[in-house]
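Each remark here refers to the structure printed beneath this line.
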Amino acid sequence: MVLGGDNEIQQYLDARYIGPPEAACRIFGHHLHEEVPAVVRLEVHLPGMHRCIFNPSESLETIRARGAYQKSTLTAFFSWYASNKDAPKYTYQEFPQHFTWNKTSKIWTPRASGFAIGRMYFASPNCGERFYLRLLLTVVKGPTSFECLRTVENVVHSTFKSACVARGLLEDDDEWVQCLQEAAVMKTGYQLRRLFSIILTQCSPIHPYALWKQFSVHICDDLAHKIRTLFAISNPSEAQIEDYGLYLLNQLLQESSKTLLDFPPMPQPNENWSAIVGNRLILEHRQLQIEAQQAHAPFNVHCLNIGQSTAYDAITSSVFENKGTMFFLNGGAGTGKTYLYNTIAGKCRTLGHIVVSVASSGIASLLLTGGRTAHSTFCIPLAVMEDSFCGFKKQSIQAELFRETKLIIWDEVPMQHRYCVEAVDRTLRDICDNDKPFGGITIVLGGDFRQILPVVTRGSREQIVNASLRRSPLWKEIVILTLDVNMRLDQGDSGNANFATFLAEVGTSPQETVKLPSTIRKCRDLNELLSTVYPQLDVVDASTPTFLTERTILSARNEDVNAINAAALNIFPGDAISYLAADKMSDDDEVDHTIANRYPNEYLNSLDPTGLPPFKVELKVGCPIILLRNIAPKDGLCNGTRMMVVRCAPRIIEVLILTGGHFGKFAFIPRISLTPSSSDLPFRMTRRQFPVRLAYALTINKSQGQSVKFVGVDLRTPVFSRGQLYVALSRCTSFDRVSVLLPNSELDSTTNIVYPEVLLS
Ligand SMILES: Nc1ncnc2c1ncn2[C@@H]1O[C@H](COP(=O)(O)OP(=O)(O)OP(=O)(O)O)[C@@H](O)[C@H]1O
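Residue numbers (the UniProt record's numbering): 1 to 761.
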């Protein structure tokens with residue numbers, strides 16, 4: 001039906017068509033549309049730049065006078081907080097949820113009913129100060145004026161931009177100056193060199209050489225002594241000290257597959273220190289040999305159980321007799337695989353053999369003596385294919401090392417794509433000129449096919465199984481050694497034998513649900529789970545490094561882990577320090593304004609992609625955190641390392657390492673620029689933030705390989721991937737110290753996922 005009007009033809013041209021439902025609504029006087037929830041548009045303007053309505057016939061004086069007292073939603077927001085200083089503090093955008101805007105009287109009044117959301121008008125980064133003002137308004141709660149907005153830590157900044165920099169909301173090269181200044185006050189020498197190498201590799205400073213010049217004296221302050229003792233140069237000059245510092249820095253960079261050449265205009269060392277020192281990789285292994293001799297490693301041999309001893313004999317005889325056998329050490333969780341690797345490596349090293357120990361994940365590598373990740377040691381390409389080779393050449397120092405290597409130990413292989421193992425095999429045959437598997441070097445691949453398998457993004461069951469080592473052509477040549485006594489469970493405890501049987505069933509049974517034994521404590525709610533695993537968390541002295549290493553709560557989903565961590569931090573005493581991130585589109589997308597304009601900063605801030613720290617990291621001195629990047633694996637700083645916060649400065653945090661052989665060492669963590677490794681977002685973003693998250697609770701995947709005394713497993717959301725339930729429950733050293741939280745305290749069973757086709761019988 002077309003409703004006729006005076007000029008029906010014109011209305012038709014204007015495309016004004018009213019259909020029957022709309023016509024009926026209009027006739028009966030119903031509302032044609034409504035917006036739920038109501039959106040209050042919030043003005044964003046610089047001081048004195050608010051909108052002023054005037055009549056052109058008025059005099060300039062009158063208009064100016066009106067402009068001076070007319071209020072905007074922003075200035076009225078400031079005024080409300082100026083006269084209500086003790087009121088609960090909200091950001092500008094949150095304010096309309098609690099207050100209503102009276103358009104006539106231009107004041108905010110407390111909301112009596114209803115709900116509305118606030119949306120600030122957009123300002124693109126090209127708007128200059130208005131953009132920075134808007135950025136501050138997204139985070140500052142309860143500001144009383146523009147000046148208050150520009151004030152950070154009692155310093156009034158002259159511009160909104162510098163206030164953003166001071167709050168860490170913007171990337172800025174001065175950050176590294178401040179970061180190194182803060183670190184230089186706390187530590188010297190090696191730790192500053194390590195920090196400088198992290199800044200170069202992870203933070204892309206614009207002027208690396210200027211930074212080096214400014215801090216080289218601090219970074220090299222331990223080297224005069226080293227040069228005197230190592231090179232017998234009695235009085236090294238400043239130039240020699242700096243030169244040696246550059247050489248050592250270059251070595252640290254090489255651990256991340258970089259060199260000084262990657263950071264122009266950083267100079268190269270003039271002196272050929274490596275000619276004096278030799279192949280640094282071989283030297284590192286010689287150092288491990290010395291440490292093994294001093295640690296009396298063979299002592300462990302007497303402690304091995306029967307299965308471990310049999311495996312030990314088979315592996316060591318292959319090493320000593322140069323048989324080049326390829327072993328697979330198969331054992332359930334806690335059967336002492338890691339213990340055996342370290343014993344064998346210790347024995348071989350004491351006899352002067354080179355043993356390369358690697359693991360598929362950074363965190364598992366920390367449990368091996370001298371362990372590194374397989375990817376970094378073998379330079380495995382990130383996008384590995386069926387016919388890939390590793391990224392080092394026949395003449396490289398890596399090739400030289402492998403030609404001298406007698407044994408390779410590779411832990412947690414089942415979670416690595418088989419193409420990685422095949423690429424290493426292909427490369428070693430090539431560099432050792434030997435067509436035997438792995439170039440004739442004895443290799444022990446180890447792990448547990450009941451635990452987590454390779455991650456194949458959105459992969460089907462068939463694809464995941466096909467990625468596993470079991471499907472590799474190498475498998476048919478492998479000698480399988482099996483360990484079957486659970487050594488993690490305290491041996492004296494009678495209940496643990498039943499628990500070990502129960503764990504074995506969880507790892508192998510194809511049943512989709514598992515009944516949890518009555519010996520496992522079932523908590524009623526999150527508070528009970530927290531107080532069971534972390535008793536007396538509200539007493540600061542109760543939280544010590546050992547207290548933290550002995551406990552963990554595991555959950556399958558990141559969301560649940562975050563909620564548990566927030567609840568635990570809330571209970572833990574002390575003032576929380578908040579660190580905000582500098583988020584931005586990556587450069588390509590930033591220049592494309594159509595994309596940048598679609599996603600304002602507060603949207604980037606609201607994102608929480610996996611593998612990235614949150615926009616707002618809240619920490620307290622004494623709380624546990626987990627590292628999200630491999631920033632210095634040699635020093636124990638790997639993706640997954642647990643640490644305790646010791647000191648919080650504005651641009652750096654000092655931590656105590658809680659995981660593996662580096663337990664008890666101090667380290668610095670700077671803010672670094674991170675990009676999500678995989679993301680469903682239609683653009684690329686970078687977030688400059690401390691690469692850490694709270695670690696009272698962890699995801700199950702991060703806990704693989706760890707032994708913990710008290711374990712809580714949050715099963716309110718059941719496990720969704722194979723092996724997860726088995727990994728979670730098998731972290732504990734005794735059945736009576738496992739607690740679970742089920743969706744309902746009446747329940748006693750939960751979901752389990754097992755792929756029997758990859759299991760070894
Ligand atoms: N022969 C042994 N004597 C004493 N303690 C042992 C022995 N073997 C293993 N352990 C201890 O048992 C615990 C579990 O061992 P380990 O971490 O080596 O097991 P795993 O098989 O590597 O476990 P996962 O598969 O979960 O990584 C460790 O605390 C380890 O020190």
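From the three backbone atoms N, C-alpha and C, an ideal C-beta is built for every residue, glycine too.
* To do: Return the chain-ordered list of same chain residues with a C-beta closer than 6 angstroms to the C-beta of residue 142, the five sequence neighbours on each side being excluded.
  => Counting only Cβ-Cβ distances below 6 angstroms, and skipping sequence neighbours, we find 81 and 89.
* Regarding residue 705 and ligand 2, is the C-beta to nearest heavy atom distance less than 7 angstroms? -> Judged by which ligands are present, ligand 2 is missing from the structure shown, whose ligands are ligand 1.
* What is the rounded straight-line gap between the Cα of residue 154 and the Cα of residue 144? -> Their backbone Cα atoms lie some 14 angstroms apart in a straight line.
* Residue range of the beta strand (DSSP E) that residue 608 falls in? -> Membership of residue 608 in any beta strand (DSSP E) is not indicated, and neither H nor E is assigned to it by DSSP.
* Sequence-distant residues of its chain with Cβ nearer than 8 angstroms to residue 241 (five each side left out) -> Excluding its 5 nearest sequence neighbours in each direction, residue 241 has C-beta neighbours in its own chain below 8 angstroms: 220, 223, 224 and 227, listed in chain order.
* Alpha-carbon to alpha-carbon, residue 203 and residue 266 -> Cα to Cα, residue 266 sits roughly 15 angstroms from residue 203.
* Backbone CA spacing between residue 591 and residue 572 [nearest angstrom] -> Bear in mind that the predicted position of residue 591 carries a pLDDT of just 49, short of 50, making it unreliable; the figure below should be weighed with that in mind. Approximately 44 angstroms, taken between the alpha carbons.
* To do: Return the Cβ separation of residue 762 and residue 340 in integer angstroms, given the expectation that the two are a contact with Cβ distance under 8 angstroms.
  => The question about residue 762 has no answer, for the chain in this structure spans 1 to 761.
* Asked: In the DSSP assignment, what are the bridge partners of residue 616?
  -> 580.
* **Rounded separation between residue 323 and residue 314 - CA only** => Going from the Cα of residue 323 to the Cα of residue 314 covers about 10 angstroms.
* **Stretch pair the stretch 559-569 + the stretch 639-652: three plus CB contacts closer than 8 angstroms** => No, because fewer than three Cβ pairs between the stretch 559-569 and the stretch 639-652 fall closer than 8 angstroms, the two stretches do not touch.
* Asked: What is the rounded straight-line gap between the Cα of residue 360 and the Cα of residue 410?
  -> Approximately 7 angstroms, taken between the alpha carbons.
* Asked: In angstroms, rounded to a whole number, what distance separates the CA positions of residue 702 and residue 508?
  -> Between residue 702 and residue 508, the alpha-carbon positions lie close to 21 angstroms from each other.
* Do the stretch 453-467 and the stretch 422-434 meet, that is, are 3 or more Cβ pairs less than 8 angstroms apart? -> Contact fails: fewer than three Cβ-Cβ distances are below 8 angstroms.
* Looking only at its own chain, which residues have a Cβ that is under 8 angstroms from the Cβ of residue 599, when we skip the five neighbours before and after it? -> Once the five neighbours on either side are set aside, the close Cβ partners of residue 599 are 585 and 683.
* Asked: If we ignore side chains and look at the alpha-carbon of each, how far apart do residue 132 and residue 161 end up?
  -> The alpha-carbon atoms of residue 132 and residue 161 are separated by roughly 5 angstroms.
* To do: Report yes or no: do the stretch 499-506 and the stretch 725-739 share at least 3 C-beta pairs separated by less than 8 angstroms?
  => Contact between the stretch 499-506 and the stretch 725-739 is present, because at least three Cβ pairs lie under 8 angstroms.
* Any beta strand (DSSP E) of 3 or more consecutive residues that is wholly inside the stretch 628-696 -> Correct list: 642-648, 652-657, 666-670, 672-674, 685-689 and 692-694.
* Asked: What's the gap between the Cα of residue 487 and the Cα of residue 736?
  -> In this model, residue 487 and residue 736 are separated by some 16 angstroms (Cα to Cα).
* To do: Please report how far the alpha carbon of residue 87 lies from the alpha carbon of residue 78, in whole angstroms.
  => Distance between the alpha carbons of residue 87 and residue 78 is about 13 angstroms.
* Identify the continuous alpha helix (DSSP H) that holds residue 220 and give its terminal residues. => Premise fails: residue 220 is in no alpha helix (DSSP H) and is neither H nor E.
* Which full runs of the alpha helix (DSSP H) of 4+ residues lie inside the stretch 358-434, going along the chain? -> With a minimum length of 4 residues, the continuous alpha helix (DSSP H) runs that stay inside the stretch 358-434 are 362-365, 374-378, 397-404 and 418-431.
* Taking the continuous beta strand (DSSP E) assigned at residue 764, which residues delimit it? -> Because the chain here runs from 1 to 761, residue 764 falls outside it and cannot be looked at.
* Asked: Whole-angstrom Cβ separation of residue 260 and residue 670, contact assumed at under 8 angstroms?
  -> So it is not a contact: roughly 19 angstroms between Cβ atoms.
* Quick one: is the Cβ of residue 730 within less than 7 angstroms of any heavy atom of ligand 1? -> Of the heavy atoms belonging to ligand 1, at least one sits nearer than 7 angstroms to the Cβ of residue 730.
* Return yes when at least one heavy atom of ligand 1 lies under 7 angstroms from the C-beta of residue 240, else no. => For ligand 1, not one heavy atom lies less than 7 angstroms from the Cβ of residue 240.
* Asked: Measuring from the CB of residue 549, is there a heavy atom of ligand 1 at a distance below 7 angstroms?
  -> Answer for residue 549: no, Cβ out of range of ligand 1.
* To do: Inspect the beta-carbon positions of residue 293 and residue 350 and report whether they are closer than 8 angstroms.
  => Yes, the pair counts as a contact, with Cβ atoms nearer than the cut-off.
* With respect to 7 angstroms, is the separation between the Cβ of residue 347 and the closest non-hydrogen atom of ligand 1 below this value? -> Relative to ligand 1, the beta carbon of residue 347 is positioned no closer than 7 angstroms to any heavy atom.
* To do: Go through the stretch 2-47 residue by residue and report every complete run of the beta strand (DSSP E) that reaches 3 residues or more, in order.
  => 38-42, all fully within the stretch 2-47.
* Asked: Of all the options 716, 608 and 402, which has the alpha carbon lying nearest to the alpha carbon of residue 522?
  -> 716 is the residue among 716, 608 and 402 whose C-alpha sits nearest the C-alpha of residue 522.
* Can you give me the start and stop residues for the alpha helix (DSSP H) that residue 104 sits inside? => Element bounds for residue 104: n/a, residue is neither H nor E.
* Tell me which same chain residues have a C-beta within less than 6 angstroms of the C-beta of residue 442, skipping the five on either side of it? -> Answer for residue 442: 318, 319, 324, 325 and 407, listed in chain order.
* Assuming residue 738 and residue 520 form a contact by the criterion Cβ under 8 angstroms, report the distance between their Cβ atoms to the nearest whole angstrom. => Your pair residue 738 and residue 520 checks out as a contact, with CB atoms roughly 5 angstroms apart and the cut at 8 angstroms.
* To do: Return the CA-CA distance between residue 543 and residue 533, expressed in angstroms with no decimal places.
  => The straight-line gap from Cα to Cα measures roughly 12 angstroms.
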